[in-house]
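Asker: So that we are looking at the same thing, I have put the structure below in structure tokens.
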Amino acid sequence: RKAVRNGCLPERTILSGVGPLAIRQPRVDDRRLRDTEGGQRFSSAILPRFMRKMPSIEGLMPVLYLKGISTGDFGEALAAILGEGAKGLSASTITRLKEGWTEEHKHWSGRNLEDKEYVYLWADGIYVNVRLDDERSCLLVIMGATREGKKELVAVSDGYRESKASWREMLLDLKAR
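For what it's worth, my numbering labels the leading residue of the sequence shown as 3, then goes sequentially.
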């Protein structure tokens with residue numbers, strides 16, 4: 003047989019929407035991979051090797067942050083939602099995640115748009131009560147439609163009350179990219 007079970011990996015706990023789950027993942031020896039790719043072992047796409055939190059939990063954290071939960075209160079908020087066993091979500095973990103989100107947004111906001119062709123653009127300002135420094139701040143959003151009819155988020159920026167200067171800055175940045 004080309005694929006055989008070879009015991010189990012060490013038990014680990016994964017944080018899910020129903021609380022922490024103890025998982026024992028079977029170890030699979032896939033000889034087809036060994037013969038063709040130099041001895042690599044099978045790796046599950048459903049349960050990646052180093053996963054400690056379900057993707058739904060990863061998606062919950064930005065929502066809680068945007069709702070105004072402070073970094074120090076994340077552990078308590080998640081324990082209330084997921085149960086007392088919600089470990090690994092300390093203030094330093096949240097800070098590290100915020101830094102990652104900031105870096106992702108910076109990269110996305112600076113991406114090259116030379117290859118893009120939009121046949122229609124929508125521009126609007128959205129006022130939200132979420133973690134903005136000034137009550138008169140808003141999110142400036144530009145959506146674009148491609149020839150195929152697919153809508154894409156082109157740009158998002160914070161601005162002062164949809165002012166002419168805020169829109170000008172955003173549009174000049176898009177033009178440069």
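Yeah, the Cβ is synthetic: ideal placement off N, Cα and C, and Gly gets one too.
Which residue wins for smallest C-alpha separation from GLY127, given the options GLU171, SER94, VAL158, LEU176?
Answerer: As a position in the sequence shown, residue 127 is number 125, starting the count at 1. Nearest C-alpha to GLY127: VAL158.
Asker: Tell me the residue span of the alpha helix (DSSP H) that contains LEU174.
Answerer: Mapped onto the sequence shown, residue 174 falls at position 172. First-last of the alpha helix (DSSP H) with LEU174: 166-178.
Asker: Flag this pair as yes or no: are the beta carbons of LEU123 and ILE144 separated by less than 9 Å?
Answerer: Taking the sequence shown and counting its residues from 1, the one referred to as residue 123 is at position 121. Taking the sequence shown and counting its residues from 1, the one referred to as residue 144 is at position 142. Yes, they are a contact pair.
Asker: Residues in the same chain with beta-carbon distance under 7 Å from ALA24, minus the five sequence neighbours each way, listed in chain order, please.
Answerer: Sequence index remark: in the sequence shown, residue 24 carries index 22 (1-based). Result list for ALA24: GLU13, THR15, in chain order.
Asker: At the level of alpha carbons, what is the spacing between ARG7 and ALA47?
Answerer: Here residue 7 is taken as the residue at index 5 of the sequence shown, counted from 1. Here residue 47 is taken as the residue at index 45 of the sequence shown, counted from 1. Roughly 17 Å between the two C-alpha positions.
Asker: Just curious, the beta strand (DSSP E) that VAL30 is in, first and last residue?
Answerer: As a working note, residue 30 is residue 28 in the sequence shown. Unbroken beta strand (DSSP E) run through VAL30: 28-32.
Asker: With DSSP as the reference, label TYR120 as helix, strand or coil.
Answerer: Counted from its first residue, the sequence shown places residue 120 at position 118. Coil.
Asker: Distance check for ARG179 and GLY146, CA to CA, integer angstroms please.
Answerer: Your numbering for residue 146 matches position 144 in the sequence shown. Your numbering for residue 179 matches position 177 in the sequence shown. Taking the straight line from one Cα to the other gives about 15 Å.
Asker: Could you tell me the alpha carbon to alpha carbon distance between ASP31 and MET56, rounded to whole angstroms?
Answerer: Indexing the sequence shown from 1 puts residue 31 at position 29. Indexing the sequence shown from 1 puts residue 56 at position 54. Cα to Cα, the separation comes out at about 25 Å.
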